[in-house]
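Visitor:
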Amino acid sequence: MIPTHADVAVIGGGPVGLTAASLLGRLGINCVLFERNQTTAFHPKGHVVNTRTMEIFRMMGIAEGVDAEALPLERHAGIGFVTSLLGDEIGAIKTRSDPEWARIERTQSPVLKRSCPQDRLEPVIRNHAEGFESVSLNFGCNITGIEQHDDGVTLSWENSDGASGTTQAKYVIAADGTRSEARDAVGLGISGESMGQQIGIYFHADLWEYVKDRPYLLMWIYNARTSGVLISLDGRNRWTYNFGYAETETRHDFTEERCLEILHAVIGTDDIDIEIKNIMPWRMQARIVDSMSKGRVFFAGDAAHPLPPTGGQGVNTGVADVHNLAWKLDFVLRRFAPEGLLETYDTERRPVAKFNVEQSARNARAMEKKGLSGMLFNDSKFLSNIEGPAGAANRAKLAEGIPEQRAHFDYPGQTFGFHYDSSLVTGDGTPEPPTEVETYTPTARPGHRAPHIPARFEGRDISIIDLFDLEAFTLLAGPKGQAWKAALDGLDGKPLPKVNAYLVGHGLDVETDLDAWKDLYGVSDEGAVLVRPDGHVAWRSSRGGDADALIAALFRSIGRNSASEAETATRKTVLNAAS
């Protein structure tokens, strides 16, 4: 039975919608999800699961399940540029096959970026969401109407068996894809550009003999018959090939027979068995909504920002969207915070999404500029003479542009370096570091992701980010920061979210390399940082100070005014007693 009432309704059962349902289920929120398709994705579609998303999945408890379905790490060694699998190698961008690159990657997070195709990723998240009693997943159920009221939203729906009805929700998360009907229903505008039309061919073929010595995640193909990108889904048998086509053609021109011919050109031989599983036309877009919310409806993923796949930011941006939103909905529903807290969803997420859309478009244009257009349609005569000895000069010309494309494939600064600048964040006067896509410089400056460092907690080896809880704030204080903890104790019994407070240092709550932690987090023995449920720093005091500043920051970080005079007096009494 589809619930007639819910705290939150989610429209869309792709990876973003399913993640939203899982996060809400973890928080005990009554949630109902609607997905028009009967089941999860059949076509692999997207595949990049960046490191920040893997951190969120680690917090959810599904990172190991994603790892099990992902491309083996040893087959994720870099990016190749070839005329065909049997042809000449034009160049390569090394990632995990570079020992120094791999070393740096492992200092940034307790998890690793993975390639997990969407047809394998979605069932992992769905199975997790189904484990929560408060979550109702309804596949094969289409939303036919959305009507907002002062105190909620009425969703009209129709099942695949013809049954229909309505569900009342206090809030809605619309993650219903690029052609979002929810976006149209509430009259939300979207702007940007279309960057051309593409075909994605999902196929099975044993290509081991052609790739075993080149363990590349992606193979960019350039020859007279086709140019595009071959994506390795399992390192041997499962593949997708994506390419652009001219506006003078239509999707119907790409029959299975023609697609087989294209795949033979990709491989470089007709002498191989190929089973085409699906041919999916799609359009590359770089767009963003005018606002990521309208009334009680919040937009996430492609419904809010369809972006080019050049950089693999699509699913990852959407997962970060709902990770930002879930704890805010929780605090509002539990009356810890005013409804105005939800207005910061757009304030915080839209600039990040806008940057990702623009950077993905820049990646595509940078490839095009160097003749490496790949997924954009390329009818250049240049590629008619690129194979064999006669094409050596043209291959060399393409090779010159390959090193400049690293930001397309290697972007830790984009993954971790984004920050939130909203009314919820209490700045500390330190300058904003520059945004560098290819380089990540860890910082605990307010608004930024609190960085990873190995630690020991309750006899276990952890990452310090494992302490961050979707249901609570986290205070990390230096070894002489007992007064900060005492000030929080004075708030017991108040209608506030939980704050888990820990002292960092030898023999204390959290043990780590203290000097390294203080340097990384920018604090002294007396300093402290307050971390939000989504792992972003809300406040920082590099040294000891007035505990009222911490409490004021806590109130500010949930959209409330500072504590009352009575509460302030209580805190000062506790602080003085602790001193």
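Residue numbers (the numbering used here): 10 to 588. Cβ coordinates follow ideal geometry from the N, Cα and C atoms, glycine included.
Under the DSSP definition of a beta bridge, which residues are partnered with Ser472?
Guide: Working through the sequence shown from its first residue, we reach residue 472 at position 463. In the DSSP output, where bridge partners are listed per residue, Ser472 has Pro463.
Visitor: Let me know the secondary structure DSSP gives His417 once reduced to three states.
Guide: As a working mapping, residue 417 is identified with position 408 in the sequence shown. Here His417 sits in helix by DSSP.
Visitor: Beta carbon of Tyr231, beta carbon of Ile395: below 8 Å?
Guide: Looking up residue 231 in the sequence shown gives position 222. Looking up residue 395 in the sequence shown gives position 386. Contact flag set, yes.
Visitor: In angstroms, rounded to a whole number, what distance separates the CA positions of Glu576 and Pro506?
Guide: For the purposes of this step, residue 576 is taken as residue 567 along the sequence shown, with counting starting at 1. For the purposes of this step, residue 506 is taken as residue 497 along the sequence shown, with counting starting at 1. Below a pLDDT of 50, predicted positions are generally treated as unreliable, and Glu576, at 49, falls in that range; no measurement from the model is reported.
Visitor: Over what stretch of residues does the beta strand (DSSP E) that includes Cys125 continue unbroken?
Guide: Indexing the sequence shown from 1 puts residue 125 at position 116. Where Cys125 is concerned, there is no enclosing beta strand (DSSP E), given that its DSSP letter is neither H nor E.
Visitor: Residues in its own chain within less than 6 Å of Glu44 by CB, not counting five upstream and five downstream?
Guide: What you label residue 44 is simply residue 35 of the sequence shown in a count that begins at 1. These residues qualify, in order along the chain: Gly22 and Phe148.
Visitor: Which residues in the same chain as Ala453 place their Cβ atom closer than 8 Å to its Cβ, once the five residues preceding and following it in sequence are excluded?
Guide: Translated into positions along the sequence shown, residue 453 becomes position 444. Same-chain partners within the cutoff: Ala459, Pro460, Leu529, Tyr530, Gly531, Val532, Val538, Val546 and Arg549.
Visitor: Exposed or buried, what is Ile501 when buried is set at 16 or more other beta-carbons lying within 10 Å of its beta-carbon?
Guide: On the sequence shown, residue 501 is found 492 positions in, with the first residue counted as 1. The sequence given here has Asp at residue 501, not Ile. Flag for Asp501 reads exposed.
Visitor: Starting from Arg247, trace the beta strand (DSSP E) both ways and give me its first and last residue.
Guide: For the purposes of this step, residue 247 is identified with residue 238 of the sequence shown, where counting begins at 1. It spans Arg247 to Tyr254 - the beta strand (DSSP E) in which Arg247 sits, taken as one unbroken run.
Visitor: Is it the case that the Cβ atoms of Gly174 and Ile20 are separated by a distance below 8 Å?
Guide: Against the sequence shown, residue 174 aligns to sequence position 165. Against the sequence shown, residue 20 aligns to sequence position 11. No.
Visitor: Along the chain, where does the beta strand (DSSP E) containing Thr483 start, and where does it finish?
Guide: By 1-based counting over the sequence shown, the position of residue 483 is 474. Residues Ala481 to Ala486.
Visitor: Looking at Ile208 and Arg260, is the spacing between their C-beta atoms short of 8 Å?
Guide: In the sequence shown, counting from the first residue as 1, residue 260 sits at position 251. In the sequence shown, counting from the first residue as 1, residue 208 sits at position 199. Cβ distance < 8 Å, so Arg260 and Ile208 count as in contact.
Visitor: Do you know offhand how far Thr450's Cα is from Thr353's?
Guide: Along the sequence shown, one-based indexing puts residue 450 at 441. Along the sequence shown, one-based indexing puts residue 353 at 344. Cα-Cα distance, rounded: 26 Å.
Visitor: Between which two residues does the beta strand (DSSP E) carrying Gly205 extend?
Guide: Mapped onto the sequence shown, residue 205 falls at position 196. Taken as a continuous stretch (DSSP letters only), the beta strand (DSSP E) holding Gly205 covers Ile199 to His213.
Visitor: Note down, one range per segment and in chain order, each alpha helix (DSSP H) of at least 4 residues found wholly within the segment 301-376.
Guide: Entirely contained in the segment 301-376, the alpha helix (DSSP H) runs reaching 4 residues are, in chain order, 323-342.
Visitor: With distances taken between CB atoms, is the gap from Gly320 to His457 smaller than 8 Å?
Guide: Translated into positions along the sequence shown, residue 320 becomes position 311. Translated into positions along the sequence shown, residue 457 becomes position 448. No. Outside cutoff.
Visitor: If you run the structure through DSSP and keep just helix, strand and coil, what is Phe66?
Guide: Numbered from its first residue, the sequence shown carries residue 66 at position 57. If DSSP states are grouped into helix, strand and coil, Phe66 belongs with the helices.
Visitor: Label Ala578 either buried or exposed according to how many other C-beta atoms from any shown protein chain fall within 10 Å of its C-beta, with 16 as the threshold for buried.
Guide: Taking the sequence shown and counting its residues from 1, the one referred to as residue 578 is at position 569. Here Ala578 scores only 39 on pLDDT, less than 50, and its place in the model should not be relied on; the value that follows carries that caveat. Result: exposed.
Visitor: Compute the beta-carbon to beta-carbon distance between Ser145 and Leu36, rounded to the nearest angstrom, for a pair I have assumed lies under 8 Å.
Guide: Here residue 145 corresponds to residue number 136 of the sequence shown, with the count starting at 1. Here residue 36 corresponds to residue number 27 of the sequence shown, with the count starting at 1. No, Ser145 and Leu36 are not in contact; Cβ-Cβ is about 15 Å, not under 8 Å.
Visitor: In chain order, what residues of the same chain have a beta carbon less than 8 Å from the beta carbon of Gly400, not counting five sequence neighbours either side?
Guide: Taking the first residue of the sequence shown as 1, we reach residue 400 at position 391. Same-chain partners within the cutoff: Thr92, Asp97 and Asn394.
Visitor: Secondary structure at Gly174, three-state DSSP: helix, strand or coil?
Guide: Walking along the sequence shown from the start, residue 174 turns up at place 165. Residue state, collapsed to three classes: strand.
Visitor: Look up Pro290 in the DSSP assignment and say whether it is helix, strand or coil.
Guide: Indexing the sequence shown from 1 puts residue 290 at position 281. Three-state DSSP puts Pro290 in a strand.
Visitor: Can you tell me whether Val513 is helix, strand or coil according to DSSP?
Guide: As a working note, residue 513 is residue 504 in the sequence shown. Val513 falls in the strand class under three-state DSSP.
Visitor: When DSSP builds the beta bridges, which residues end up paired with Thr163?
Guide: Translated into the one-based positions of the sequence shown, residue 163 becomes position 154. Beta-bridge pairing links Thr163 to Glu156 and Gln177.
Visitor: Run through DSSP, which three-state label would Glu44 get?
Guide: Taking the first residue of the sequence shown as 1, we reach residue 44 at position 35. Strand, per DSSP.
Visitor: Could you give the residue range of the alpha helix (DSSP H) that holds Ile276?
Guide: Along the sequence shown, one-based indexing puts residue 276 at 267. Here the alpha helix (DSSP H) through Ile276 covers Glu265 to Ile276.
Visitor: Given that a residue counts as buried once 16 or more other Cβ atoms are within 10 Å of its Cβ, and exposed if not, what is Ile113?
Guide: The residue given as residue 113 occupies position 104 in the sequence shown. Answer is exposed; the Cβ neighbour count stays below 16.
Visitor: On the criterion of 16 or more Cβ atoms from any shown chain inside 10 Å, does Arg267 qualify as buried, or is it exposed?
Guide: Residue 267 sits at position 258 when you count from the first residue of the sequence shown. By the 10 Å Cβ count, Arg267 comes out exposed.
Visitor: For Arg344, count neighbouring C-beta atoms within 10 Å of its own C-beta (all shown protein chains included) and say buried if the count is 16 or more, exposed if not.
Guide: In the sequence shown, residue 344 corresponds to position 335, counting from 1. Exposed, by the Cβ-count rule.
Visitor: Where does Trp166 land, buried or exposed, given buried means 16+ other C-beta within 10 angstroms?
Guide: By one-based count along the sequence shown, residue 166 stands at place 157. Flag for Trp166 reads buried.
Visitor: Suppose you measure from the CA of Arg296 to the CA of Ile38; what does that come to, to the nearest Å?
Guide: Residue 296 sits at position 287 when you count from the first residue of the sequence shown. Residue 38 sits at position 29 when you count from the first residue of the sequence shown. Straight-line Cα distance between these residues: approximately 31 Å.
Visitor: Consult DSSP for Tyr590 and reduce its assignment to one of helix, strand or coil.
Guide: The question about residue 590 has no answer, for the chain in this structure spans 10 to 588.
Visitor: Starting from Glu190, trace the beta strand (DSSP E) both ways and give me its first and last residue.
Guide: By 1-based counting over the sequence shown, the position of residue 190 is 181. Element bounds for Glu190: not the beta strand (DSSP E) but the alpha helix (DSSP H), Glu190 to Ala194.
Visitor: Do you know how far the Cα of Leu484 is from the Cα of Ala495?
Guide: Locating residue 495 in the sequence shown gives position 486, counting from the first residue. Locating residue 484 in the sequence shown gives position 475, counting from the first residue. Taking the straight line joining both Cα atoms gives about 12 Å.
Visitor: Below 8 Å on the Cβ atoms is my contact criterion, and I expect Arg123 with Val195 to pass it. Report the Cβ-Cβ distance as a whole number of Å.
Guide: Taking the sequence shown and counting its residues from 1, the one referred to as residue 123 is at position 114. Taking the sequence shown and counting its residues from 1, the one referred to as residue 195 is at position 186. Wrong, their Cβ atoms sit about 35 Å apart, outside the cutoff.
Visitor: Between which two residues does the beta strand (DSSP E) harbouring Pro98 extend?
Guide: In the sequence shown, counting from the first residue as 1, residue 98 sits at position 89. First, the residue type needs correcting, since residue 98 is Glu and not Pro in the sequence shown. Unbroken beta strand (DSSP E) run through Glu98: Glu98 to Lys103.
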